[in-house]
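So the sequence shown is numbered by the numbering used here: it starts at 7 and just counts up by one. Ideal Cβ placement from N, Cα and C applies to all residues, glycine included. Beneath this line is the structure, given in C-alpha cells, with notes to follow.
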Amino acid sequence: MRRLILWIRAHPTVGDSTIAALLVVPEVAKFLVDDNLHAGPFQYVVTSALLVGPLVLRRRMPIVTSCVVLLGLFVHLLTHDLPDLHTGHLSLAIVLYTLVAYVGRKAAALHAAAVLGLWAAGALAQSPEPGDLVPGLGLFLLQQGLQLAFCWVLGEFAGARRAYQAEVEHRLRSLEFEQDQQARIAVAEERNRIAREIHDILAHSVSVMVAQADGAAYAVRSKPELAERAVQSIGTTGREALTELRSLLRVLRDEKDVEDERSPQPTASGVRELVDRVRGLELPVTLEIEGELDELPRGLGLGVYRIVQESLTNVLKHAGWKAAASVRIGHDGQQVTIEVTDTGAKGVLPPLASGGNGVIGMRERATAYGGSLQAGPGSSGGWRVHATIPVPGCPTAHSESEPAARIG
C-alpha cells in the first residue's frame, strides 16, 4: 500500500485523473438514468466537463483549474435550478484544498469568495419574488460554506506538511554537500601537511647528503677512511629518506578519490563553479567579481576559494535554504576583498550543529598572507564575512604577506 501511495505521489496526474473519474461516474449514471433533468443533455454534459475535467491538471495548473471550475459553476447556475447539486460540485472544494496547499491563502480566499458569491448570486436570481429565497437554500449555502471550510483546513495541514518535507529534504542535500566540502577540505589540508613533511624530509636528508658528499670528496685522498664513512652515511641517510617518503606516498596512493589526486588545487577562478553548485541546492546566490582573479598567485587564489567555500557552507548550515546569499570579490591589483553576506535564518527547522572551526580556518588563511578577516552579524540582519588580503609581490604589499607557513 505504501508503494502505491509513493507511486501516486511521484505521478500526480494519475492520482488526479482517478479523482476526476470517481466524480464523473455518478454524473454519467445520473445522465443515463434520470429522465427529469433540469437542464438539457448538452448543458448537462458541458457543466459536468467544466466542473470535473480540470481536476486532471489541478496540481500542475491550479490557477487555471480554479478559473475553469468557476466557469463551470457559472454555467450550472444559468442552466440549473437551485438547489440542484452535481457530484461535480465537489471539485470546487477540491480545488480550494489545492490552492491552499500548493499556491497560497490569497488565491484560495479569492476562489472561496467567488464560489460563495456565485452561489448567493444564483440564489437571488432564482428567487420567485424579491426577498423570498428558494426553500432550503439557506441550509444549502451553509452546507457549501462548511464544505469549503473543511477543505481549507485540510489544505493548511497538507501545505505545512509539504513545506516541512521539502525543507527536510533540502537540509539533507545541504548536509551531504557540506560533508562533501568538508571532506575535500580535509583531504587538501592532509595533503598540505604531507607536502610539508616531504619538504622537511628532503630538506634535511638532502642537506646531510650534500654535506657528506662534499666531505667525502675532500677527504678521499688524504683520509680515505673518513671518505668511506661519509659515503656510508650518505647511503644510510638516503635509505631512511626513501623509507619515510614511501610511507607518506602510500597514504596518497590509498586515497579513494582518484580524480581529486589528478586534479589541480582549486583557484579563485573556480569560485564561479562553486557558486553554481550551491545554486543547484536551491540557495539563491548572487556573485559579483571585479578584476581578474586569474592573475592572483596560486596560493592566494586557493585561499580566496576556501574562504568563499566555507562562508557558503556556513550559510547552508545556519541560515537554511530559505535564505539568500551574496558573494562579492574585488581585485584592484594590490589587494583582494571578499565579502559574503546572507539574509539570515528563515527556515522552520533548527540550524545544523557547527564544529566552530570554520571562521578560525578562514581567518588563518587570510592572516597567512598578511590580511584580515571579520565575521559577525550584518547591519541589516543575517551574517557577514569580510576579508581583505594584500597581493604578494605588489609594491604596497609588505614582505610579511607571504605565507608564514612557507619553509626554506
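Any C-beta of chain B under 8 Å from that of residue i
i      : result
GLY297 : In the displayed structure, chain B is absent; only one protein chain is listed.
Expected contact under 8 Å - CB spacing of residue i and residue j to nearest Å
i      : j      : result
VAL281 : VAL333 : 6 Å
ASP348 : GLY388 : 4 Å
GLU33  : THR93  : 6 Å
VAL310 : ALA331 : Not really, about 16 Å apart at Cβ, beyond 8 Å.
VAL101 : GLY161 : With 8 Å as the limit, VAL101 and GLY161 do not qualify as a contact, their Cβ atoms being about 10 Å apart.
LEU147 : ALA126 : 7 Å
LEU79  : LEU124 : 5 Å
ALA325 : GLY350 : 6 Å
C-alpha gap between residue i and residue j, whole angstroms
i      : j      : result
ILE295 : ARG312 : 16 Å
GLY128 : HIS86  : 10 Å
LEU83  : LEU145 : 18 Å
ILE25  : THR273 : 55 Å
TRP158 : LEU76  : 17 Å
ARG168 : VAL70  : 22 Å
VAL226 : GLU250 : 30 Å
ALA329 : PRO290 : 7 Å
ASP186 : ARG179 : 11 Å
ILE395 : HIS176 : 34 Å
THR373 : GLN380 : 11 Å
GLY361 : ALA192 : The pLDDT assigned to GLY361 is 48, lower than 50, so where the model puts this residue is not dependable, and the model offers no usable value.
ALA131 : ALA35  : 29 Å
GLN218 : ILE344 : 50 Å
LEU293 : GLY110 : 31 Å
VAL58  : VAL121 : 15 Å
SER386 : GLU298 : 30 Å
TYR224 : GLU246 : 24 Å
PRO356 : ALA164 : Its pLDDT being 48, under 50, PRO356 is placed unreliably in this model, and the value from its coordinates should be taken loosely. Whole-angstrom Cα-Cα distance: 21 Å.
GLY21  : GLU301 : 57 Å
VAL81  : HIS95  : 12 Å
VAL277 : GLY377 : 19 Å
GLU184 : ALA113 : 37 Å
MET67  : SER23  : 14 Å
GLY244 : GLN341 : 43 Å
VAL52  : ALA119 : 23 Å
ARG235 : VAL212 : 17 Å
GLN238 : LEU232 : 10 Å
GLN49  : VAL74  : 16 Å
TYR170 : TYR375 : 44 Å
VAL216 : ALA201 : 22 Å
ARG9   : ALA166 : 23 Å
Of the listed residues the options, nearest to residue i (C-alpha basis)
i      : options                           : result
HIS17  : THR394, GLU182, ARG65 and VAL226  : ARG65
GLN150 : ALA201, LEU302 and SER97          : SER97
GLU279 : GLN49, THR249, GLN153 and VAL314  : VAL314
ALA194 : LEU308, GLN49, ALA164 and SER386  : LEU308
VAL321 : GLY382, ASN198, ASP300 and LEU299 : GLY382
SER275 : GLY221, LEU248 and GLY336         : GLY336
GLY364 : GLY350, GLN340, THR19 and LEU318  : LEU318
VAL174 : ARG190, TYR50, ILE366 and LYS323  : LYS323
VAL284 : GLU182, ALA166, TYR108 and PHE80  : GLU182
ARG371 : SER386, ALA393 and SER385         : ALA393
ARG199 : ALA233, GLY78, LEU255 and GLN49   : LEU255
VAL30  : VAL20, ALA55, PHE48 and VAL342    : ALA55
ILE240 : SER253, PRO230, SER228 and GLY221 : GLY221
ALA27  : GLN49, LEU61, THR53 and HIS95     : LEU61
ALA189 : GLU246, ALA113 and GLU316         : GLU316
VAL391 : TYR170, GLY21 and ARG369          : ARG369
GLY399 : PRO303, GLY165 and GLY21          : PRO303
TYR108 : ARG252, LEU63, VAL74 and ALA119   : LEU63
LEU116 : SER228, SER72 and LEU232          : SER72
ARG252 : LEU208, MET215 and GLU234         : LEU208
LEU248 : ILE204, GLN49 and GLU234          : ILE204
PHE156 : ALA99, TYR170, ARG197 and ALA201  : ALA99
Residue i beta carbon near the ligand SAM (any heavy atom closer than 7 Å)
i      : result
HIS337 : With respect to small molecules bound, the structure shown includes none, and the ligand SAM cannot be examined in it.
Enclosing beta strand (DSSP E) for residue i [first to last residue]
i      : result
ALA390 : Before going on, a small fix: residue 390 reads as Arg here, not Ala. Its beta strand (DSSP E) spans residues 389 to 396.
GLY339 : Note, GLY339: premise wrong, no beta strand (DSSP E); not H, not E.
SER378 : 378 to 383
LEU289 : Element bounds for LEU289: n/a, residue is neither H nor E.
For residue i, the first and last residue of its enclosing alpha helix (DSSP H)
i      : result
ARG312 : 304 to 320
LEU83  : 68 to 85
VAL62  : First-last for VAL62: undefined, no H or E at that position.
GLY367 : 364 to 373
Contiguous alpha helix (DSSP H) assignments of at least 4 residues, all confined to the stretch 91 to 139: Segments of the alpha helix (DSSP H) lying fully in the stretch 91 to 139: 96 to 108 and 111 to 131.
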